[in-house]
């Protein structure tokens, strides 16, 4: 189970438990780009620790402060455990091939960029193996900067010894380095780092420096315990590791560096759109309904959420972790933004306040599905943001987020489809043909808009992240935010209050039998439409 380093909670009274539980959920494990992961009784064979995009002179520091494998018999061999560091210059770091699920990734050779740190608990050594061209990737023992460590555990002497004595002076130079050496070692094709040992636990540390543009890319750090590859034969182990990633400009990954400015600009755009919409409603001389006011909520909450998100990135870049209060505000506004967005889309799609007053039973069931799922998906996002990537439950929450959001995107299309069918069935009614055809055309357009919004923000964005170089992956977020803004603007244009309401204005309930439905929006489809009244004799007059 994953544990986070938190202050003691003391003994709060029952009234305080709710607030503290919410705070722990929101910020309990969030530490920005300075990570601390503590696992106890872990049985996984593959633990994905972190993924980060490095520029030249970027550095990765890893401190394994506690590794406690299961007790073994004296005649048993040393468990095969260690770290792997892989690189990808385009998209995300590829996973290992699944040709043999029982084959240990630490025993595979590769012509691609790969660094293995093989832990030998009997010899008290960590062997470093390199694969691929790595002329300017520097690996050295110890840490470049001070990181908080677990007290009471002895540290391994930061020395490097050659695996094979080739007669050169590399070994002498390495051994001559004092404890705590922080400089890079260039000629370290085969290194052996010392492994600290106390009772039944082990520890060591190392750092990696990106020496040239040829070594730039997105790096993935994993920990493997190959004893647990075979089902039913897993052995629990304890692991505590601290990781610090840094680029020359700060603690943000290469693809995240532009996000501070991007989110700030998009926040201003969404705020301007929301203010313009509210101002238009206040100045409108035509019928303004509740749905119009509700349509102002998504862009405004989106703007506030992006503002807090941008500020969080600013502090993460400067100090490696966000401000807890700002992180909480971002998560709260993110939750409100997502829920309000799907509610608004579903209400517009159902035609509520446009050509009917209430919702049918099946439409109410849609809201009963969408709202809880959207809340669950946003809670999953918050938990993922506040947990380390290697936490035991991280994968579960990731699947919940994906499935919850996917189901919501599919379910909100049903009200639009039902509205289109309803308008198609009523399009032949006497006196309402032109009105219903105009409504039908508008809702067909809205259906296409929703489809494109989901397609661009969920599918194209993922494909773009895989296709572009690692330092340009921020374009994925630009596409998402730009598509969302365009969707908001087009929705407002299509369903704005307008003059000469001819095909979507809903009459008062007590006048429904006197005049036909009127317009509430102006989308450019009211040409040739006119208002029809019935006389007392039942004859129609223009």
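In mature numbering (1 follows the signal peptide of the UniProt record, and there is no 0), the protein residues as written are -32 to -1, 1 to 510.
Here a beta-carbon is modelled for each residue, glycine too, at the ideal position from N, C-alpha and C.
Notebook entry, point to check: Taking the alpha helix (DSSP H) that residue 445 falls in, what are its first and last residues?
Noted result: Numbered from its first residue, the chain shown carries residue 445 at position 477. Start and end: 442 to 462.
**Prompt:** Roughly how far, in whole angstroms, is the beta-carbon of residue 312 from the beta-carbon of residue 269, given that I think they are within contact range, below 8 Å?
**Reply:** Taking the chain shown and counting its residues from 1, the one referred to as residue 312 is at position 344. Taking the chain shown and counting its residues from 1, the one referred to as residue 269 is at position 301. Contact flag wrong, Cβ pair sits at about 11 Å.
TODO: Specify the secondary structure class of residue 171 as computed by DSSP and reduced to three states.
DONE: Numbered from its first residue, the chain shown carries residue 171 at position 203. Of the three classes helix, strand and coil, the one that applies to residue 171 here is strand, per DSSP.
Could you round the C-beta distance between residue 306 and residue 342 to whole angstroms and report it? I think they count as a contact, below 8 Å. Translated into the one-based positions of the chain shown, residue 306 becomes position 338. Translated into the one-based positions of the chain shown, residue 342 becomes position 374. Residue 306 to residue 342, Cβ: 6 Å. Contact.
Could you give the residue range of the beta strand (DSSP E) that holds residue 164?
Translated into the one-based positions of the chain shown, residue 164 becomes position 196. Counting along the chain, the beta strand (DSSP E) containing residue 164 begins and ends at 164 to 166.
Could you name the residues that DSSP lists as bridge partners for residue 208?
Walking along the chain shown from the start, residue 208 turns up at place 240. According to DSSP, residue 208 bridges with 6, 34.
Original post:
Count the other CB atoms within 10 Å of the CB of residue 42; is the residue buried (16 or more) or exposed (fewer)?
Top reply: Position 74 of the chain shown, counted from the start, is the residue given in the question as residue 42. Answer is exposed; the Cβ neighbour count stays below 16.
Inset, instruction - Report, in whole angstroms, the separation of the C-beta atoms of residue 17 and residue 358, which I expect to be a contact under 8 Å. - result: Within the chain shown, residue 17 is the residue found at index 49, counting from 1. Within the chain shown, residue 358 is the residue found at index 390, counting from 1. At roughly 5 Å, the Cβ-Cβ gap stays under 8 Å, so residue 17 and residue 358 are in contact.
Reduced DSSP category for residue 232 - H, G, I as helix; E, B as strand; rest coil:
Here residue 232 refers to the residue found at position 264 of the chain shown. Helix, per DSSP.
Candidates 211, 39, 303, 178, of which the one nearest residue 191 by Cα:
Here residue 191 corresponds to residue number 223 of the chain shown, with the count starting at 1. Relative to residue 191, the option among 211, 39, 303, 178 whose CA is nearest is 211.
> Since residue 218 sits in a beta bridge, which residues does DSSP pair it with?
Replying inline: Start at 1 with the first residue of the chain shown, and residue 218 comes out as number 250. Under DSSP, residue 218 takes part in a beta bridge, and its partners are 215.
Check: With 16 as the cutoff for other CB atoms within 10 Å, does residue 465 come out buried or exposed?
Finding: Your numbering for residue 465 matches position 497 in the chain shown. Its Cβ being crowded by 16 or more others within 10 Å, residue 465 is buried.
Inset, instruction - Could you tell me which of 280, 91, 319 sits nearest to residue 170, measuring between CA atoms? - result: Along the chain shown, read from residue 1 onward, the residue named residue 170 stands at position 202. Of the candidates 280, 91, 319, 91 places its Cα closest to the Cα of residue 170.
- [ ] Identify which residue in 175, 334, 355, 36 has its Cα closest to the Cα of residue 85.
- [x] Here residue 85 is taken as the residue at index 117 of the chain shown, counted from 1. The option with the nearest alpha carbon to residue 85 is 175.
Proximity below 7 Å, CB of residue 27 to CB of residue 112:
In the chain shown, the residue the question calls residue 27 occupies position 59. In the chain shown, the residue the question calls residue 112 occupies position 144. In contact: residue 27 and residue 112 (Cβ atoms closer than 7 Å).
If you compare alpha carbons, which of 97, 384, 196, 228 is closest to residue 10? Counting from 1 along the chain shown, the entry for residue 10 is found at position 42. Ranking the options by Cα distance to residue 10, first place goes to 196.
In three-state DSSP terms, what is residue 49? In the chain shown, counting from the first residue as 1, residue 49 sits at position 81. In this structure, DSSP gives residue 49 an extended state, which the three-state scheme calls strand.
**Whole-Å CB distance - residue 179 paired with residue 438, under 8 Å assumed** = What you label residue 179 is simply residue 211 of the chain shown in a count that begins at 1. What you label residue 438 is simply residue 470 of the chain shown in a count that begins at 1. 17 Å between Cβ atoms; not a contact.
Report the CB separation of residue 7 from residue 206 in whole angstroms; it is logged as a contact under 8 Å.
Reading the chain shown from its first residue, position 39 is the one you call residue 7. Reading the chain shown from its first residue, position 238 is the one you call residue 206. Here residue 7 really is in contact with residue 206; their C-beta atoms are around 7 Å apart, less than 8 Å.
>> Suppose the cutoff is 7 Å on Cβ atoms and the five residues either side in sequence are ignored; what does the same chain contact list for residue 334 look like?
In response: Mapped onto the chain shown, residue 334 falls at position 366. These residues qualify, in order along the chain: 314, 379, 382, 383.
Which partner residues does residue 108 have in the DSSP bridge list? As a first step, residue 108 must be located in the chain shown, where it is residue number 140. Secondary-structure assignment with DSSP links residue 108 through a beta bridge to 175.
Nearest to residue 183 by CA position, among 103, 227, 51, 218, is which residue? Counted from its first residue, the chain shown places residue 183 at position 215. Taking the Cα of residue 183 as reference, the smallest distance to any Cα among 103, 227, 51, 218 is reached at 103.
Query raised in the report: Do you know how far the Cα of residue 45 is from the Cα of residue 345?
Result: The residue labelled residue 345 in the question sits at position 377 within the chain shown. The residue labelled residue 45 in the question sits at position 77 within the chain shown. It is roughly 45 Å from the alpha-carbon of residue 345 to the alpha-carbon of residue 45.
Out of 218, 181, 233, 107, point me to the one whose CA is closest to residue 173's CA.
Residue numbering aside, residue 173 sits at position 205 when the chain shown is read from its first letter. Closest in C-alpha terms to residue 173, from the list 218, 181, 233, 107, comes 107.
- Collapsed DSSP secondary structure at residue 392 in the structure displayed: Locating residue 392 in the chain shown gives position 424, where the first residue counts as 1. Helix, per DSSP.
> Can you tell me whether residue 431 is buried or exposed, with buried defined as 16 or more other CB within 10 angstroms of its CB?
Replying inline: Taking the first residue of the chain shown as position 1, residue 431 is located at position 463. Exposed, because fewer than 16 other Cβ atoms sit within 10 Å of the Cβ of residue 431.
**Report entry** Outcome for residue 73 when other beta-carbon atoms lying within 10 angstroms are tallied against a minimum of 16
**Finding:** Here the question's residue 73 lines up with position 105 in the chain shown. Buried, by the Cβ-count rule.
Exercise for the section: Measure the alpha-carbon distance for residue 218 versus residue 287 and round it to whole angstroms. Expected result: As a first step, residue 218 is located in the chain shown; it is residue number 250 there, counting from the start. As a first step, residue 287 is located in the chain shown; it is residue number 319 there, counting from the start. Whole-angstrom Cα-Cα distance: 8 Å.
#### Entry: Reference residue 364; option with closest CA among 281, 353, 348
Within the chain shown, numbered from 1, the residue matching residue 364 stands at position 396. The candidate whose alpha carbon is nearest that of residue 364 is 348.
So, with DSSP's three-state summary, where would you put residue 257?
Stepping through the chain shown from its first residue, residue 257 is reached at position 289. Residue state for residue 257 is assigned as coil, using DSSP reduced to three classes.
request  = Could you name the residues of the same chain whose beta carbon sits closer than 6 Å to that of residue 264, not counting the 5 residues immediately before and after it, in chain order?
outcome  = Your numbering for residue 264 matches position 296 in the chain shown. Close CB contacts of residue 264 within its chain, under the 6 Å cut and outside five residues either way in sequence, are with 242, 245, 246 (chain order).
- Task: Kindly give me the distance between the Cβ atoms of residue 32 and residue 189, rounded to whole angstroms, as I take these residues to be in contact under 8 Å.
- Result: Position 64 of the chain shown, counting from 1, holds the residue named residue 32. Position 221 of the chain shown, counting from 1, holds the residue named residue 189. Actually they are not in contact, since the Cβ atoms of residue 32 and residue 189 sit about 11 Å apart, beyond 8 Å.
Expressed to the nearest angstrom, what Euclidean distance is found between the alpha-carbon atoms of residue 447 and residue 426? Position 479 of the chain shown, counted from the start, is the residue given in the question as residue 447. Position 458 of the chain shown, counted from the start, is the residue given in the question as residue 426. In this structure, the CA atom of residue 447 is about 10 Å from the CA atom of residue 426.
Assign residue 418 to one of three DSSP states: helix, strand, or coil.
Within the chain shown, numbered from 1, the residue matching residue 418 stands at position 450. Annotated three-state conformation of residue 418 is helix, per DSSP.
What's the call for residue 328, buried or exposed, on a 16-neighbour Cβ count within 10 Å? For the purposes of this step, residue 328 is taken as the residue at position 360 of the chain shown. By the 10 Å Cβ count, residue 328 comes out exposed.
request  = Would you mind reading off the limits of the beta strand (DSSP E) that contains residue 180?
outcome  = By 1-based counting over the chain shown, the position of residue 180 is 212. First-last for residue 180: undefined, no H or E at that position.
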